[in-house]
Every structure is written in C-alpha cells, then in structure tokens.
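If you read the sequence shown in my numbering, its first letter stands for residue -6, the second for the next number, and so on.
Every residue, glycine too, gets a C-beta built ideally from N, C-alpha and C.
Data first, discussion second: the structure below is written as structure tokens.
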Amino acid sequence: MGKRTLKDQNGPAALSAFQKAMDAIVEAKRAGPYNNYQVERKAYRGLGAASILLGKYSDSLQYMTKVVELSKANGDTSGLGDAYGVIADIYTEMGDFARAGDYYDLYMKAIVADEDTDSSAVDESEAVVA
C-alpha cells in the first residue's frame, strides 16, 4: 500500500502507511530478537519519500540518513547510491548547495562502483553530514 500511495503522489497516505510499517517494526523489536534490517530500511526509505512529497525536508533527511546508517551497519551497499542521491536532492531543495554537492559526489561514486555493489569505492567520510 505504501509504494502505491507514493506512486500516486499521495503524501499523507504514504506517510501513514510507512509509519504503520515502522510501528510494526518497533513492536516486533519489543517482542524479541529482530534482525530484518532490510524491512526497516525500506520503511525509512518510504517515510523519507513521503516526507519529501509533503515538503518536510528535515524529516526526510533524518529518515534517509537512517537508510544510510542501516545499510552501512549491515555491510549492505545496495541502495546507497539511491539514498545519497535523495539526500543530495533534499539538500538542494533546502538551499544547502555545498552539502548537496557532497552527496551528489557520493551518489556518482556509488554509481561508478558498479551500481552500489562495491562498498570500498564509496567513502561517506568525504561528505559533510548535518
């Protein structure tokens, strides 16, 4: 439902759907061991996209930063290029062109590194993070 609402550009419904997913993840973590970071990452990615649709760039930036953190913490470089590109776009929308440029550089490095498959080619330390 969340992906569909994003495709339909329905920000409020998408935010609600992905927040419900995040609530379920939080509840699953409370109930016992939880090790499905991919689902959590997708929920954060959806929350980030929905927040962009609503013009809530600061919220979106926080969600997308979580996408990067979860990916890096689990040694998973899939999707890093996308996340860096979205973060760059957010900074552009916020008028912070220097940070946007840093993240566009990371985005390009991730793409050149065989579409997010070679984590050694992406060095996040080069970007200035809020």
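- Inter-segment contact for the region 46 to 54 and the region 65 to 72 is absent: fewer than three beta-carbon pairs are separated by less than 8 Å.
- Contact check for G4 and L46: beta-carbon distance about 3 Å, within the 8 Å limit, so the pair qualifies.
- Residue state for G72 is assigned as coil, using DSSP reduced to three classes.
- Under the three-state reduction of DSSP output, K49 falls in the coil class, being neither helix nor strand.
- Take A76, set aside five residues on each side of it, and the residues of its chain with a beta-carbon closer than 8 Å to its own are R38, M57, V60, V61 and S64, in chain order.
- From the listed residues E86, E33 and A43, the smallest Cα separation to R(-3) is found for A43.
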